[in-house]
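2 protein chains.
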Amino acid sequence: MKEYQVGEIAKSVGVNVETLRYYEKIKLMPKPKRKESRYRVYDDTDLKRLKFIVRAKELGFTLKEIKELLNLKIESSATCGDVKHLAEHKLTDIENRIKDLMNMKKVLTKLVHQCIQEEVSADECPILEVIEYKVNDGDK
Amino acid sequence: MKEYQVGEIAKSVGVNVETLRYYEKIKLMPKPKRKESRYRVYDDTDLKRLKFIVRAKELGFTLKEIKELLNLKIESSATCGDVKHLAEHKLTDIENRIKDLMNMKKVLTKLVHQCIQEEVSADECPILEVIEYKVNDGDK
DNA sequence: ATAATACCCGTGGTATGGTACGGAGTCAAG
DNA sequence: CTTGACTCCGTACCATACCACGGGTATTAT
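Read top to bottom, the protein sequences are chains W and C.
The numbering used here numbers the first residue of the first sequence as -8 and each following residue consecutively.
The numbering used here numbers the first residue of the second sequence as -8 and each following residue consecutively.
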């Protein structure tokens, strides 16, 4: 089984050495064994775990959630249903964020289209006026 | 023109008093005048500005961007085109975030559907296995 | 007059996910 | 045996957007 030192393993998954130390500190990665020189020594199990973390991050899981996923994997009592539960929760979360963003997009798009005469002073820009919509009660 | 003290104005737009002090500190809100008692005194102009901030935040602008928008409004040389530019930038930003989230959603949805037997041990959960997909090179 | 709010201020903490710094020790090559 | 690259560690700092704390003053209500 191959052994790596921190710089190697970090480079191979594309994270910073400091990041790895950080993951160790927050207990997302286990404390690796050390050489006599105190240099950290990682193996393929660590590499696998680290890759899992990076991949799960790409899927939108937070570090805290990733820790939960990894713990489930280890707890012998945990079931696939538990994992599914976490994934579904995340999915709902993502769907809500999409909904919010779509709404912002709709409003902003409309705003951008209202600005026809770009040379007009910003003070009279329809975009700013519409953002103020709820503010101006007809006066001004 | 009506005058408000910090608690009133904060309550009327639904933000915390501390938040208002924070906005003042980061120069998003101007330093208000004070009574002899040093109490802050706000007027309708301040209220309008604060409402603008809250509204722009709902549209997804960061405090920094809101500051820019408000500065544009004041600079007499700024044009509506400048404002439009900021809004378009934000729009692109939002669109990218939506794209990322949609992708996450797609993958996660697929993952969730792969988990049929919920009673199976988490260790053999297809969700976790697929997250590891890129890790396992056929072995194990 | 006194109690209950409301406000003042500076400072420090929260959460998230790291990055940067700097002095010291280690290791391999020349 | 020296140089350069790598690693060690603790600590501090980045951005974002606030919230909490605590001691003191002001205002308001009873």
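Here a beta-carbon is modelled for each residue, glycine too, at the ideal position from N, C-alpha and C.
Only a predicted model underlies this, so the values are computations on that prediction, with no experimental measurement involved.
Mark residue i as exposed unless 16 or more other C-beta atoms lie within 10 angstroms of its C-beta, in which case mark it buried.
i: Tyr30 (chain C); result: exposed
i: Arg25 (chain W); result: exposed
i: Ile17 (chain C); result: exposed
i: Arg12 (chain W); result: exposed
Determine the contact status of residue i and residue j, defining contact as a CB-CB distance below 8 Å.
i: Leu119 (chain C); j: Lys64 (chain W); result: yes
i: Leu99 (chain W); j: Ile85 (chain C); result: yes
i: Ile41 (chain C); j: Val4 (chain C); result: Strictly speaking, residue 41 (chain C) in this sequence is Leu, with Ile absent from that position. Yes, they are a contact pair.
i: Val103 (chain W); j: Ala78 (chain C); result: yes
i: Ile0 (chain W); j: Leu61 (chain W); result: no
i: Met95 (chain C); j: Leu54 (chain W); result: no
i: Ile57 (chain C); j: Ala69 (chain C); result: no
So with Cβ pairs under 8 Å, would you call residue i a contact of chain C?
i: Met95 (chain W); result: yes
i: Leu50 (chain W); result: yes
i: Ser112 (chain W); result: yes
i: Val6 (chain W); result: no
i: Tyr33 (chain W); result: no
i: Lys75 (chain W); result: yes
i: Leu54 (chain W); result: no
i: Lys64 (chain W); result: yes
i: Glu86 (chain W); result: yes
i: Pro21 (chain W); result: no
Using a Cβ cut-off of 8 Å (strictly closer), state whether residue i contacts chain W.
i: Gly72 (chain C); result: yes
i: Leu11 (chain C); result: no
i: Lys24 (chain C); result: no
i: Ile0 (chain C); result: no
i: Ser3 (chain C); result: no
i: Ile17 (chain C); result: no
i: Val126 (chain C); result: Note that Val126 (chain C) scores a pLDDT of 38, beneath 50, so its modelled location is shaky; the value from the coordinates is reported in the next line. By this cut-off, Val126 (chain C) is an interface position.
i: Thr100 (chain C); result: yes
i: Leu60 (chain C); result: yes
i: Gln(-4) (chain C); result: no
i: Ser67 (chain C); result: yes
i: Lys81 (chain C); result: yes
i: Glu27 (chain C); result: no
Among the options, which residue has its Cα nearest to the Cα of residue i?
i: Phe52 (chain C); options: C:His80, C:Ser67 and C:Asp35; result: C:His80
i: Asn87 (chain W); options: C:Leu82, C:Asn87, C:Thr83 and C:Met93; result: C:Met93
i: Met20 (chain W); options: W:Ser28, W:Glu110 and W:Asp35; result: W:Asp35
i: Leu82 (chain W); options: C:Asn7, C:Ser68 and C:Lys101; result: C:Lys101
i: Cys116 (chain C); options: W:Asp114, W:Gln105, W:Glu66 and W:Glu110; result: W:Glu66
i: Val8 (chain W); options: W:Glu15, W:Gly(-2) and W:Pro23; result: W:Gly(-2)
i: His76 (chain C); options: W:Gln105, W:Asp91 and W:His76; result: W:Gln105
Thinking residue i and residue j are a contact (beta carbons under 8 Å), I'd like their distance in whole angstroms, please.
i: Gln(-4) (chain C); j: Cys71 (chain W); result: Not a contact, Cβ separation roughly 57 Å.
i: Ile89 (chain W); j: Ile122 (chain C); result: About 21 Å; that fails the 8 Å criterion.
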